[in-house]
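Down below is the structure, laid out as structure tokens.
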Amino acid sequence: MPTNGTQAIDRAAQLLSLVVLADEPPGHADLVARTGLAKSTASRLLQALERHRLLFRDDAGSYQAGPLFALYATRHEPLDELTRAAQPTLGHLSAATGETVNLAVVRGNAVVQVAQVDSTFM
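Everything in the sequence shown is counted per our numbering, starting at 67 for the first residue and increasing by one.
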């Protein structure tokens, strides 16, 4: 681990990664074994991650991703990535055909237009 003042951050990030990427919620002993951290160090870091809502400890004592992840996920709009990735193709298609090109997605029972490149004839 680095000794340039970021050791605690690196250790907390390691614990957080182990919890978030685990197939089953790990317990304290499992996290201590996998990281090699002292029990007291792991406890302090896990408590800090809980306080900041990055981790949640369930009734069985296992750790799961905390509610802050759910909040972040609701703010992240996957359509932004789709439209950003599709924009060059939409532009090329419009330039090649001279027509208006639309990108739409299905939302429930409706089709919603999410991007458009206007015709060169307009």
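Glycine residues also receive a C-beta, built at the ideal position from the N, C-alpha and C atoms.
Quick caveat: nothing in here was measured; it's all calculated off a predicted structure.
So which of the options has the shortest CA-CA distance to residue i?
i: Leu137; options: Arg119, Gly127 and Asp125; result: Arg119
i: Asp125; options: His94, Thr107 and Gly102; result: His94
i: Ser128; options: Asn175, Leu84 and Thr72; result: Leu84
i: Ala74; options: Phe187, Ala161 and Leu115; result: Leu115
i: Arg117; options: Lys105, Leu103, Gly132 and Ala104; result: Gly132
i: Arg187; options: Arg173, Ala176 and Ala162; result: As written in the sequence, residue 187 is Phe, which differs from the Arg given in the question. Checked all of Arg173, Ala176 and Ala162; the closest Cα to Phe187 is Ala162.
i: Val178; options: Thr149, Val98 and Lys105; result: Thr149
Assuming residue i and residue j make a contact with CB atoms under 8 Å, what is their CB distance in whole Å?
i: Leu169; j: Ala181; result: 4 Å
i: Leu134; j: Leu82; result: Not confirmed; about 11 Å, so no contact.
i: Ser185; j: Gly157; result: Ser185 to Gly157, Cβ: 12 Å. No contact.
i: Gln80; j: Thr101; result: 6 Å
Check this for me: beta carbons of residue i and residue j, under 8 Å apart or not?
i: Pro154; j: Gln130; result: no
i: Val171; j: Val183; result: no
i: Arg123; j: Leu103; result: no
Can you check whether the C-beta of residue i is within less than 8 Å of a C-beta belonging to chain B?
i: Leu145; result: The chain inventory of the structure shown lacks chain B, comprising one protein chain alone.
Margin query: Could you check whether the stretch 106-114 touches the stretch 134-145, counting it as contact only if at least three pairs of C-beta atoms, one from each stretch, sit closer than 8 Å?
Written below: no
Item checked: Secondary structure, alpha helix (DSSP H): runs of 4+ residues fully inside the stretch 143-169 -> 144-163
Next item on the list: Can you check the stretch 67-136 for any beta strand (DSSP E) of at least 3 residues that lies completely inside it and give the ranges in chain order?
Entry: 121-123 and 129-131
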